[in-house]
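Colleague: Numbering (the working numbering), first residue to last: 20 to 389.
No residue lacks a Cβ here, since even glycine has one placed at the ideal position from N, Cα and C.
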């Protein structure tokens, strides 16, 4: 029998935890691979030749140019590192972050527990399956029609902060250490993320705490993606091209397999893992606030033939009621156009979840008519 605190928390979550969207049920990709590793169902096969993954690892020379930001230098007030952050957000919208201070054992604890969860029998994982009216839990997101091409991946998505938004019925109880690993990892990423948002506030010409204050209450979600191996890696995508609806996203990659790609100068650029680094990308909220100076860049995930891959994305975003629009001082000169209209963040987020991930479609929908 649960304690009074447990019961109180459950009552509290029923009262206040919002629902962010829903997704149609589709087959479990991991089980498809287990039952027949040499077959890819038609619904996963990309039809457009241009979208098919190429071996970008060997053909793209932009990978080595993806910026690396030293978080410890930012923390010590180095102006040069702040300038590097400004350029990274402006020219790439993506950067790798080193010396962030999250302990290696915390990173590894999250990886180990998630790997154990995805190794469980499907019946066990389905104990925390998404329901028809929610995207928290185990399953698939952004599935809005029976006709769309599906992504070659399964996922677990949870809202972690504010803690009253948690829906504990979707939190895995097996393996036993998973809840603790999610908690430990999320606390640390929250700390780093809040500090990064402060630095973005500075490069946008505002007081250090201005952006965080505008969130009203910072919301944090964690998404673990599982990409099974695929016998036809050039014919499927692990995750369709999209930008993130967040303020910023902080991603932990596997150290020894590349799957994340970003669109830069018309080509897909692999983001090669740096051991223990975190990948950060600008989200749509910062793009709108900055009137397009800092862009949320399209990215996608590809698969490999030989091995599974996991990734761990943390989304930091505003409270539903926050109204997001370009700041006056970011509309660069008198007479310049505001590129985006004012949007209520909760409406913007839910509209994006009602459509398949398709590049920058949701940010384009927020643009003013030119």
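When the Cα atoms are used, what is the spatial distance from residue 88 to residue 107?
Modeller: If I take the Cα positions, the gap works out to 8 Å.
Colleague: Per DSSP, residue 280 is paired with what?
Modeller: Looking at the DSSP assignment, residue 280 forms a beta bridge with 289, 319.
Colleague: Tell me whether residue 129 sits in a helix, a strand or coil according to DSSP, three-state version.
Modeller: Looking at residue 129 - three-state DSSP - the assignment turns out to be helix.
Colleague: Let me confirm a value: residue 195 is counted as buried when at least 16 other C-beta atoms fall within 10 Å, else exposed. Which label applies?
Modeller: By the 10 Å Cβ count, residue 195 comes out exposed.
Colleague: Let me know the beta strand (DSSP E) ranges lying completely inside the stretch 107-195, each 3 residues or longer, listed in chain order.
Modeller: With a minimum length of 3 residues, the continuous beta strand (DSSP E) runs that stay inside the stretch 107-195 are 113-117, 156-158, 173-180.
Colleague: Go through the stretch 37-63 residue by residue and report every complete run of the alpha helix (DSSP H) that reaches 4 residues or more, in order.
Modeller: You should have 48-54.
Colleague: Could you check the C-alpha separation between residue 82 and residue 146 for me, to the nearest Å?
Modeller: Going by the C-alpha atoms only, they are around 40 Å apart.
Colleague: Pair every Cβ in the stretch 328-347 with every Cβ in the stretch 234-246, then say whether three or more of these pairs are closer than 8 Å.
Modeller: Touching, per the Cβ criterion.
Colleague: Buried or exposed: residue 319, going by 16 or more other Cβ atoms within 10 Å of its Cβ?
Modeller: The residue is buried, with at least 16 neighbouring Cβ atoms inside 10 Å.
Colleague: Of all the beta strand (DSSP E) runs that stay within the bounds of the stretch 317-382, which reach a length of 3 or more residues?
Modeller: Entirely contained in the stretch 317-382, the beta strand (DSSP E) runs reaching 3 residues are, in chain order, 318-320, 328-336.
Colleague: Who does residue 244 pair with in a DSSP beta bridge?
Modeller: DSSP lists 174, 330 as partners of residue 244.
Colleague: Residues in its own chain within less than 6 Å of residue 42 by CB, not counting five upstream and five downstream?
Modeller: The residues are 154, 159, 160, 162.
Colleague: Have a look at residue 211 and residue 118 and give me their C-alpha separation to the nearest angstrom.
Modeller: One C-alpha to the other measures close to 11 Å.
Colleague: When DSSP builds the beta bridges, which residues end up paired with residue 89?
Modeller: Looking at the DSSP assignment, residue 89 forms a beta bridge with 117.
Colleague: Using a Cβ-Cβ cutoff of less than 6 Å, which residues in the same chain neighbour residue 105 once the five nearest sequence positions on both sides are dropped?
Modeller: Contacts found: 222.
Colleague: On the three-state DSSP scale, how would you describe residue 266?
Modeller: Residue 266 falls in the coil class under three-state DSSP.
Colleague: Return helix, strand or coil for residue 301, following the three-state DSSP convention.
Modeller: Three-state DSSP puts residue 301 in a strand.
Colleague: Between which two residues does the beta strand (DSSP E) holding residue 259 run?
Modeller: Looking at the DSSP string, the run of the beta strand (DSSP E) that includes residue 259 is 258-261.
Colleague: With DSSP as the reference, label residue 386 as helix, strand or coil.
Modeller: In this structure, residue 386 counts as strand in the three-state DSSP scheme.
Colleague: The alpha helix (DSSP H) spanning residue 204 covers which residue range?
Modeller: First-last of the alpha helix (DSSP H) with residue 204: 197-222.
Colleague: Would you mind working out which of 263, 256, 214, 85 sits nearest residue 324, comparing C-alpha positions?
Modeller: Of the candidates 263, 256, 214, 85, the one whose C-alpha sits nearest the C-alpha of residue 324 is 256.
Colleague: Taking all protein chains shown into account, do 16 or more other C-beta atoms lie within 10 angstroms of the C-beta of residue 99, making it buried, or fewer, making it exposed?
Modeller: Flag for residue 99 reads exposed.
Colleague: Is the beta carbon of residue 36 less than 8 Å from the beta carbon of residue 184?
Modeller: In contact: residue 36 and residue 184 (Cβ atoms closer than 8 Å).
Colleague: Let me know the secondary structure DSSP gives residue 239 once reduced to three states.
Modeller: Here residue 239 sits in strand by DSSP.
Colleague: State the CB to CB distance for the pair residue 243 and residue 329, rounded to an integer number of angstroms; the pair is presumed to be in contact (CB under 8 Å).
Modeller: Confirmed, about 6 Å.
Colleague: Between the beta-carbon of residue 368 and the beta-carbon of residue 39, is there less than 8 Å?
Modeller: Yes. Within cutoff.
Colleague: Please report how far the alpha carbon of residue 262 lies from the alpha carbon of residue 291, in whole angstroms.
Modeller: Going from the Cα of residue 262 to the Cα of residue 291 covers about 19 Å.
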